[in-house]
Amino acid sequence: MTAPDAIWPISITIGVTALLRFAASDRLPKRAFVALWVAAAVKILLPSFLTTPFGVYSLPGTGGLVVSAVSAVPSAAVWPAVRYAGTAVCAAFFLVSHGRGRYACRTALPAGFAHIAAWKQRNPLRRRYTVKQSDQIHSPFTSGVVFPVIYLPKSLAASESPQLAYVLAHEYAHIRRFDVVVKWLMAAALCAQWYNPLVWLMYVLAGRDIERACDEEATPKPADRSGYAMALLAWEESRSGARAAFGYFARTAVEERIRSLLRVRPASRKRNVFAAVLVCTMVLFLGTGAAKPAEQTFYVTVSESGKPYIDGPLSHDGTISVNIVEENDSYGITVVKHNAVLWQE
Amino acid sequence: MPIKLFDSELKVMEILWKVEKMTAKDIAARLKSETGWSKTTSYTVIKKCVDKAAVTREEPGFICRAAITRRQAQEAETEALITRMYDGSPGLLVASLLGGARLKPDEIEKLQAWIQEKTLREAEG
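Those protein sequences? They're chains A and B, same order as listed. Every position in the first sequence, counted from 1, becomes a number in this note's numbering once 766 is added. Every position in the second sequence, counted from 1, becomes a number in this note's numbering once 1 is added.
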């Protein structure tokens, strides 16, 4: 986990990506944005995954090592406790909402309808995947990475409507793109840096871009798009009653999906190459770490018994260690990097 | 009181309606081959049925018996359907079945004969 000072570089990254999304959404395939969000999330979770001499993380002020000694009551080191508590709350929230749907998932029945079997035959996948139906779920979703399962509400699975075909195509796109993994990555990044409002923005926008990327992949032929958009509209209308509380946000998200689906330019090699180059450039400049180690703040706190202890991340590359040596009635603290003493008390 | 059974619980009932009694272990084994559920999942569903008083549990051995008949379950579902979709009027449901051309000619004949028999019986008192 990064120290609080490292939120500015990632905020710049997210800000630039969001601006690009606002300005050029229709000109780029949505999976380009998903790639950028994934890079940002990886950056949050593994700050020193990639290091290059350039990039926003090498800006002056992000290098050096700071060791602060705070010898007071243990509660002086409030920030780390608050940060971990926030992470725990976020993680609990994700795990609970994931767990709530599990009974419906586990007791779902195989959707052994002829029309679904026929669709599966037309859409093979290297991994084995199944389609299940349940009378306890109300919207379709996908779960599982190694053996993915598409869950359908019972009424939808039984119908032979074009809406079912669109839903299956959309969920199939989710499976092909490993979106389950991407979503968990986003959730982990949010848990790690919940205190940065831009990370919340990233989570929301990434969620929308994942859906839009699947919409695009589900309708490779522009002729399919209007029918798909109509099906989306009908689906949202039928659900709008239940989602009255989230009405505004749900409606804007769906509006965005429909609009971008109808406005996006058809796929072309030139556009894909341009998007790939743009993503790589952005990841290089905004997604990589500094060659110098980022700032680290240690909190040296004295416990009630008088023994000091270190509160805070030691180092993310394992080169810094702290030795606390008890000598008679006092303690010696040595911070060592590569056998060179950096700080001693 | 009408019992609301989900599809998963109905699957358990279907198995129990065919036999007098069966151990939970055997039910789980059969469910595994029919639906792919894990043993834990099958046991969870069986326990839900027991909680809903649709299945009775005997120890030792977790022997299960159906506590309601198929007919009782059907009636409960039909009642729920009529209340929810047909404004509480069974006549509307029958009209929908007739109007939707879902009944075959011999089924309609049987229905007519059944209605005649019922009216006769009610007239007798």
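Where is the CB? At the ideal position from N, CA and C, for every residue including glycine. Bear in mind the structure is a predicted one, so any value in this text is a computation, not a measurement.
Span separating the alpha-carbon of Leu951(A) from that of Trp960(A): 14 Å
CB-CB length for Glu10(B) against Ala68(B), believed under 8 Å: Contact flag wrong, Cβ pair sits at about 12 Å.
From Val948(A), Lys898(A) and Arg894(A), residue whose alpha carbon lies closest to that of Arg797(A): Val948(A)
Beta-carbon neighbours of Pro876(A), restricted to chain B and to distances below 7 Å: Thr36 and Gly37
Inter-residue spacing [alpha-carbon to alpha-carbon] between Arg103(B) and Ser925(A): 17 Å
The segment 958-974 of chain A / the segment 983-993 of chain A touching (three or more Cβ pairs under 8 Å): no
CB contact flag (His904(A), Pro919(A), <9 Å): yes
Below-9 Å beta-carbon distance, Asp52(B) vs any chain A residue: no
Helix, strand or coil at Gln899(A) according to DSSP, with G and I counted as helix: strand
Interface positions of the segment 931-962 of chain A facing chain B (Cβ-Cβ less than 8 Å), listed along the chain: none
Closer than 8 Å: Ile780(A) CB and nearest the ligand FAD heavy atom: Summarising the ligand content, the structure contains no ligands, and the ligand FAD is consequently not present.
Residue-chain proximity (Ala46(B), chain A), Cβ-Cβ < 9 Å: The question names Ala, but residue 46(B) is Val in the sequence shown. True, the Cβ-Cβ gap to chain A drops below 9 Å.
The segment 1032-1052 of chain A / the segment 779-796 of chain A touching (three or more Cβ pairs under 8 Å): yes
Lys111(B): contacting residues in chain A (beta-carbon distance under 9 Å): What Lys111(B) touches in chain A: nothing, since even the nearest Cβ is about 27 Å away.
Ala870(A) versus Glu125(B) - alpha carbon distance: 50 Å
Cutoff 9 Å: Lys105(B) Cβ touching any chain E Cβ: This model lacks chain E altogether; the protein chains it does include are A and B.
Under 9 Å between C-beta atoms of Phe63(B) and Thr24(B): yes
Residues bridged to Ser909(A) [DSSP beta-bridge criterion]: Val915(A)
CB-CB length for Glu998(A) against Arg1023(A), believed under 8 Å: In the sequence under discussion, the amino acid at residue 998(A) is Leu, which differs from the Glu named in the question. That belief holds up - the Cβ atoms of Leu998(A) and Arg1023(A) are roughly 6 Å apart, short of 8 Å.
Contact list for the segment 5-17 of chain B against chain A, Cβ threshold 8 Å: Phe7, Asp8, Ser9 and Lys12
Cys50(B) versus Pro61(B), Arg66(B) and Lys40(B), residue with shortest Cα-Cα distance: Arg66(B)
Beta-ladder partner(s) of Met23(B), from DSSP: Cys65(B)
is_contact[Thr84(B), chain A] using C-beta, thresh 9 Å: no
Start-to-end residues for the beta strand (DSSP E) that takes in Thr57(B): Val56 to Glu59
Test: Ala1008(A) CB closer than 9 Å to a CB of chain B: Any reading at Ala1008(A) is ruled out, since the residue's pLDDT is 49, under 50, leaving its predicted position unreliable.
Same chain only: Cβ atoms within 6 Å of Tyr938(A), ignoring 5 sequence neighbours per side: Asn889
Outcome for His936(A) when other beta-carbon atoms lying within 10 angstroms are tallied against a minimum of 16: buried
Alpha helix (DSSP H) segment containing His936(A), residue limits: Pro928 to Arg942
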